[in-house]
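K.L.:
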Amino acid sequence: DTGVTQSPTHLIKTRGQQVTLRCSPISGHKSVSWYQQVLGQGPQFIFQYYEKEERGRGNFPDRFSARQFPNYSSELNVNALLLGDSALYLCASSSRGSYGYTFGSGTRLTVV
Amino acid sequence: QQQVKQSPQSLIVQKGGISIINCAYENTAFDYFPWYQQFPGKGPALLIAIRPDVSEKKEGRFTISFNKSAKQFSLHIMDSQPGDSATYFCAAVNTDKLIFGTGTRLQVFP
Numbered sequence: 001d002t003g004v005t006q007s008p009t010h011l012i013k014t015r016g017q018q019v020t021l022r023c024s025p026i027s028g029h030k031s032v033s034w035y036q037q038v039l040g041q042g043p044q045f046i047f048q049y050y051e052k053e054e055r056g057r058g059n060f061p062d063r064f065s066a067r068q069f070p071n072y073s074s075e076l077n078v079n080a081l082l083l084g085d086s087a088l089y090l091c092a093s094s095s096r097g098s099y100g101y102t103f104g105s106g107t108r109l110t111v112v
Numbered sequence: 113q114q115q116v117k118q119s120p121q122s123l124i125v126q127k128g129g130i131s132i133i134n135c136a137y138e139n140t141a142f143d144y145f146p147w148y149q150q151f152p153g154k155g156p157a158l159l160i161a162i163r164p165d166v167s168e169k170k171e172g173r174f175t176i177s178f179n180k181s182a183k184q185f186s187l188h189i190m191d192s193q194p195g196d197s198a199t200y201f202c203a204a205v206n207t208d209k210l211i212f213g214t215g216t217r218l219q220v221f222p
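Each protein sequence line maps, in turn, to chains A and B.
For what it's worth, the numbering used here labels the leading residue of the first sequence as 1, then goes sequentially.
For what it's worth, the numbering used here labels the leading residue of the second sequence as 113, then goes sequentially.
In structure tokens, the structure reads:
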């Protein structure tokens, strides 16, 4: 069991660019959630996917989108990057009906 | 808007002492209350969790106390160690979504 894997670990982008972040859940986990953690704050819920369907969406603009693949891995896309999008993006996986969310180490996104 | 309020923002404790972190919530629809520990450069890791029909849960040096009528819950770390130095987040779960508190930075000095 390798845990939740996120890539890349660090990323620097320019304002207006687009970024794709990737997440591989723990083997057997079919639910993947994305969170944004701004420095000094708690993580904020962005999306949850289960069986390739969106099951929840947080209060984020439409510039944020995500999808889940048949192997349960997931991608988070952010378009038209703003300076305020600079944050640690966390992916968490869980099995259905379980509250045991396991987080990856995150992707540190810096927008300049 | 669903919120979880956490205090204190930072905490300094001497080795062997008791660390206490408090949280309060507003939404009665929450059905699970976990605590997460986060080290710099890492994602949050589940420490201990409690359901609202239980008033206390203990795992090793970590204890959650839960007061449903007051909508408050707290984390007690007994015999605090320097290795416990980290940021702690309380959270509440509603329809598979985690609502996090603002975090408490704990520093344990030898």
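Here a beta-carbon is modelled for each residue, glycine too, at the ideal position from N, C-alpha and C.
Mapping the DSSP letters down to three states, classify residue 105 of chain B as helix, strand or coil.
P.N.:
Any question about residue 105 of chain B goes unanswered here, given that chain B covers just 113 to 222.
K.L.:
Less than 8 Å separating the beta-carbons of residue 42 of chain A and residue 185 of chain B?
P.N.:
No; because the gap between Cβ atoms is not below 8 Å, this pair is not in contact.
K.L.:
Classify residue 218 of chain B as helix, strand or coil using the three-state DSSP reduction.
P.N.:
Residue 218 of chain B: strand per DSSP, three-state reduction.
K.L.:
Answer with buried or exposed for residue 32 of chain A, where buried requires no fewer than 16 other C-beta atoms within 10 angstroms of its C-beta.
P.N.:
Result: buried.
K.L.:
Run down chain B in chain order and give the residues with a C-beta less than 9 Å from the C-beta of residue 90 of chain A.
P.N.:
Within 9 Å Cβ-Cβ: 155 and 156.
K.L.:
Between the stretch 160–169 of chain B and the stretch 115–132 of chain B, do three or more beta carbon pairs fall short of 8 Å?
P.N.:
Result no; under three Cβ-Cβ pairs closer than 8 Å.
K.L.:
Rounding to the nearest angstrom, what Cα-Cα distance links residue 25 of chain A and residue 160 of chain B in this structure?
P.N.:
Straight-line Cα distance between these residues: approximately 21 Å.
K.L.:
Less than 8 Å between the C-beta atoms of residue 127 of chain B and residue 192 of chain B, yes or no?
P.N.:
Taking 8 Å as the Cβ cut-off, residue 127 of chain B and residue 192 of chain B qualify as a contacting pair.
K.L.:
For the putative contact between residue 37 of chain A and residue 90 of chain A, defined by C-beta atoms under 8 Å, what is the C-beta separation to the nearest angstrom?
P.N.:
The pair is a contact, with the Cβ atoms about 6 Å apart (cut-off 8 Å).
K.L.:
With DSSP run on the structure shown, which of helix, strand or coil describes residue 84 of chain A?
P.N.:
Three-state DSSP puts residue 84 of chain A in a helix.
K.L.:
Any C-beta of chain A within less than 7 Å: which residues of the stretch 113–129 of chain B qualify?
P.N.:
Going along the stretch 113–129 of chain B in chain order, one finds no residue with a Cβ nearer than 7 Å to chain A.
K.L.:
Quick one: which unbroken beta strand (DSSP E) runs of 3-plus residues sit fully inside the stretch 124–191 of chain B? Chain order, please.
P.N.:
Runs of the beta strand (DSSP E) inside the stretch 124–191 of chain B: 131–137, 145–150, 157–162, 168–171, 174–179 and 184–189.
K.L.:
At a CB distance below 7 Å, what residues from the stretch 165–183 of chain B approach chain A? Give them in sequence order.
P.N.:
Listed by position along the chain: nothing, the set is empty.
K.L.:
So, for residue 5 of chain A: in the same chain, excluding its five sequence neighbours on each side, which residues have a beta-carbon less than 8 Å away from its beta-carbon?
P.N.:
If we look at residue 5 of chain A and ignore the five residues flanking it on each side, its Cβ neighbours are 23, 24 and 104.
K.L.:
Ignoring anything shorter than 3 residues or poking outside the stretch 10–57 of chain A, list the beta strand (DSSP E) runs there in chain order.
P.N.:
Runs found: 10–13, 19–24, 31–37, 44–50 and 53–57.
K.L.:
I'd like to know whether the C-beta of residue 216 of chain B is nearer than 8 Å to at least one C-beta of chain A.
P.N.:
Chain A, which has no Cβ nearer than 8 Å to the Cβ of residue 216 of chain B, makes this no.
K.L.:
Would you call the CB atoms of residue 30 of chain A and residue 72 of chain A closer than 8 Å?
P.N.:
Closer than 8 Å, so yes.
K.L.:
Please state whether the Cβ-Cβ distance between residue 158 of chain B and residue 148 of chain B is less than 8 Å.
P.N.:
Yes; because the gap between Cβ atoms is below 8 Å, this pair is in contact.
K.L.:
What distance in whole Å lies between the Cβ atoms of residue 142 of chain B and residue 205 of chain B, which are believed to be in contact at a cut-off of 8 Å?
P.N.:
6 Å between Cβ atoms; contact.
K.L.:
Cβ of residue 56 of chain A within 8 Å of Cβ of residue 64 of chain A?
P.N.:
No, the Cβ-Cβ distance between residue 56 of chain A and residue 64 of chain A is not below 8 Å.
K.L.:
Under 8 Å between beta-carbons, which chain B residues line up against residue 43 of chain A? List them in chain order, please.
P.N.:
Within 8 Å Cβ-Cβ: 156, 201, 210 and 212.
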